[in-house]
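Single-structure report; data block below.
Residue numbers (my numbering), protein chains in the order written: chain A, 1 to 566; chain B, 567 to 995.
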């Protein structure tokens, strides 16, 4: 192997780093370190200028290792690795040092110390870089089929999109009917229509699609494998059915909270908005004269801080309908902030106000009170704007309650090894820029199982998840980052500790087939399943496991650099 | 073809390119990046906006399936769905893209200035310019409206020619017309800012220390003209009390009736950042309804109140005047809980102005014979079940040009539009 020739690129990140850390000083320091053949500062190493500089200097100075000291590998590692690859250097001969999140941003008040720390971090990166090895990424084929879990509007949109692109889709729905929450709605906002016909036409298309295989009623029982190659087993009406899928889309929806507030469940004329829709659908509402609706019931409270996004519009929709059915009725909506965001919702809100629905703002410190013994007779509310307590006669009290996560989210989360975040909804890879995919490759998410979403948003998320899923399906091949664990079968004693700690079921004990070791029981890593978490390498009592890119010698050389040992 | 190189257009392009489709990404300005490149941080995680955007910009620029056409405008679209014939005008930059190294010497030497669009008028740029440091492509553009060499037909100046070591300046360049055939078109033309001087009562343009939210973003941004220092326009002093006014032109019968959907959250973020930069600074947000409907938004607001001492006041101020002694703006409003009219003197006011569909949205939809709604957003006939399909098969729209929305929703729609375009181009008929 050629002697290491390390190039070091230190980023100012405008003033993010450069305003705190003395970057030129760090560059000079880097130049003084062993094996460093070149070092420079960049205003933005990630800019096109910075990237070309990396490429040019690899060639000009014959660099065989590159260290960039800038921000976080989470966003920028692929970029710098690609720059190395473009210049003919194996991308795994690149080392990232974070002197922004780990230094300048957290030591803004101590510039001198921040510079010293940046030097040490860079020194450690350089020490590790000396021991980096070229790696080849593992490639695997993508089985050209998708599984979509959930036959609501998000799941159906995703399934239809992929099917129309020519991919086989397994659509798994736990109820005996497709359509999800939409089936329960009487009308949908803001178009104010009965959704049954619209849903029916989508359901027909899905059911009649030659590329869609419907599993219904069915639940996923087991899923193993990795992107491109999932093995799935579903319980379809008591029968076990197995199939393969290259990608998985989770679109399992959410449920409506049944509150323990405002005497719901105790008094007959207290309903949730969903109950109201059911009665309207069944034609069982009966007469009413005075309707009061309360929003944010069980939402935006300390125990459940979030806003469920749809309930304001649901209340407005149903308030308008009450007024339409009985124009003589008095309809009040008691609300906190009204979430009629965007164009149509705001328009709808204005129209409904003009139609005579009264809106009264209440505060969480002064909640409305239900008056009545057998039935609700009135609702008392403090109107902040009028500074007056009002008593509103009421023969129908309707509560807008939030969507809450499905009960089986946790089970599904364990099965698919995808995370659940705040409030029990599924957690996407990045809230801003990767909203419909999980950090786990090959698994995507859309609709209300991710966060409360209305029809439009659920459909868009279903399509978006399909778009992301179509990428590996169309590429046909996926690459796995080469940071996987490797076992030295000569050292391995076959104790199985690694297999026990592996959260991805990537390690198996097997009889070795290597010459000289035939028959010895040793651990074997399935590279496609290994996520490079490093647990096995840390747990192995014999030091038989090394994780590529994080080997003992690489990590120890960093520690030694920091402690001043050679 | 994807029209508009902001986050939505970039995401659509990347999705389609990664699926194996050839993409033409057309952007009117000299660089892709769009509005997101101007923002400092993003809510609710306070991730640095440029830091999460730049890798996507670079990925788009180096993707073998994406042809970037910046400083370019769609001139004509003919043909039919599945077979659109498009003429794109690539405007003359007067700079040879192949030769330019982006070194910036022409920008230093160029003697002619105008207001920087990127810095929203808080700083100047030259006639020869790169809009921002991470611009893609990283090449200079010479603005023909400002450049004296161009205006004098080569008789005056020429400093850039003299100093460019790469010999990249080329005033003989002409606009080029590029003709391509595409199966599908995605519109992602984004938003413009509503001019708040239309609301005379708020004194924008008259009361010096009243600025807009976009100006504030540049001011608080470490890469901005003041290096992240808050400096009020009248005397450069750091404000100690800062007021944000919501719904400036939004939800307003005299201006725009709709809710711009993002201002409650960006004001909250901006107030948090102010307090992060200056722990003694006190921020007030005057709001109508606090619309925090996204993931972790309510938690973000709770944090703003508890950790960053942001005060939310439910009121729509009636006017802003100036204290002639110190240039402080005075916000006049009704204290709704106490039902009294009162005023508050602060050091600086930030107006959260309405966001409107960009001017190009109208141009391009006229060209394509697509209709717009009452507020000039692209009309989506079946908003619920086909949320990114326009009136014409094969043409899709995503992001702010079709409805007010934040970054995650734009990214969702961008991917959705890519999925629909891919589906459309795979149809067998």
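Every residue, glycine too, gets a C-beta built ideally from N, C-alpha and C.
Every beta strand (DSSP E) stretch that sits fully inside the stretch 611 to 644 of chain B and reaches 3 residues is listed by chain position as 632 to 635. With fewer than 16 other CB atoms across the displayed protein chains lying within 10 angstroms of its CB, residue 649 (chain B) is exposed. As for any beta strand (DSSP E) of minimum length 3 sitting wholly inside the stretch 756 to 802 of chain B, the runs are 757 to 759, 776 to 778, ordered along the chain.
If the five residues before and after residue 760 (chain B) are omitted, its C-beta is found closer than 6 Å to the C-beta atoms of 815, 919, 920, 922, all from its own chain and listed in chain order. Using a Cβ-Cβ cut-off of 9 Å, residue 184 (chain A) is close to nothing in chain B; its nearest Cβ partner there is about 16 Å away. Distance from the CA atom of residue 22 (chain A) to the CA atom of residue 71 (chain A), rounded to whole angstroms, is 16 Å. Not a single C-beta of chain B is nearer than 9 Å to the C-beta of residue 196 (chain A).
Rounded to the nearest whole angstrom, the C-alpha separation of residue 971 (chain B) and residue 581 (chain B) is 20 Å. Ranked by Cα distance from residue 52 (chain A), the first of B:616, B:610, B:627 is B:627. Going by C-alpha positions, residue 572 (chain B) is about 5 Å away from residue 599 (chain B). For residue 201 (chain A), the enclosing alpha helix (DSSP H) stretches over residues 196 to 208. In the displayed model, residue 486 (chain A) falls within a strand according to three-state DSSP. By the rule that beta-carbons nearer than 9 Å mark a contact, residue 865 (chain B) touches chain A. For residue 341 (chain A), the C-beta contacts it makes with chain B under 7 Å involve 825, 827, 857, 859, in order along the chain. Separation of the CB atoms of residue 262 (chain A) and residue 301 (chain A) is rounded to 13 Å, and the pair is thereby denied contact status at 8 Å. Exclusion of the five residues before and after residue 543 (chain A) leaves 491, 552 as the residues of its chain whose Cβ lies within less than 8 Å of its Cβ. Scanning A:232, A:236, A:249 for the CA closest to the CA of residue 242 (chain A) turns up A:232.
A contact is defined here as three or more CB-CB pairs under 8 Å, and the stretch 939 to 953 of chain B fails this definition with respect to the stretch 795 to 815 of chain B. By the CB criterion at 9 Å, residue 705 (chain B) and residue 810 (chain B) fall outside the cutoff. In terms of beta-carbon proximity, residue 43 (chain A) lines the interface with chain B, with at least one pair separated by less than 9 Å. Contact residues of the stretch 575 to 587 of chain B toward chain A are 581, 584, 585, 586 (C-beta to C-beta distance below 7 Å). Of all residues in the stretch 235 to 259 of chain A, none comes within less than 7 Å of chain B when Cβ atoms are compared. In chain order, 375 place their CB closer than 7 Å to the CB of residue 268 (chain A), counting only its own chain and leaving out the 5 sequence neighbours on each side. Ranked by Cα distance from residue 329 (chain A), the first of A:396, A:522, A:273 is A:396. Judged by DSSP in its simplified three-state form, residue 955 (chain B) adopts strand.
Against chain A, the beta carbon of residue 712 (chain B) has no neighbour under 8 Å; the closest one sits roughly 24 Å away. Taking a contact to require three or more Cβ pairs closer than 8 Å, the stretch 862 to 870 of chain B and the stretch 604 to 612 of chain B qualify as touching. Assigned with DSSP and collapsed to three states, residue 225 (chain A) falls in strand. Interface annotation, residue 421 (chain A): in contact with chain B, CB-CB separation under 9 Å.
Of the other Cβ atoms in all chains shown, 16 or more fall within 10 Å of the Cβ of residue 456 (chain A); this residue is therefore buried. The residue from A:74, A:8, A:122, A:296 with its alpha-carbon nearest to that of residue 84 (chain A) is A:8. Here residue 618 (chain B) is not near residue 591 (chain B), since their CB atoms are 9 Å or more apart.
The Cβ neighbour count for residue 960 (chain B), taken over all protein chains shown within 10 Å, is at least 16; the residue is labelled buried.
For residue 748 (chain B) against residue 934 (chain B), the beta-carbon gap comes to about 13 Å, at or over 8 Å, which does not count as contact.
Closer than 9 Å to the CB of residue 899 (chain B) there is not a single CB belonging to chain A. Residues of chain B with a Cβ closer than 8 Å to the Cβ of residue 110 (chain A) do not exist; the shortest Cβ-Cβ separation is about 16 Å.
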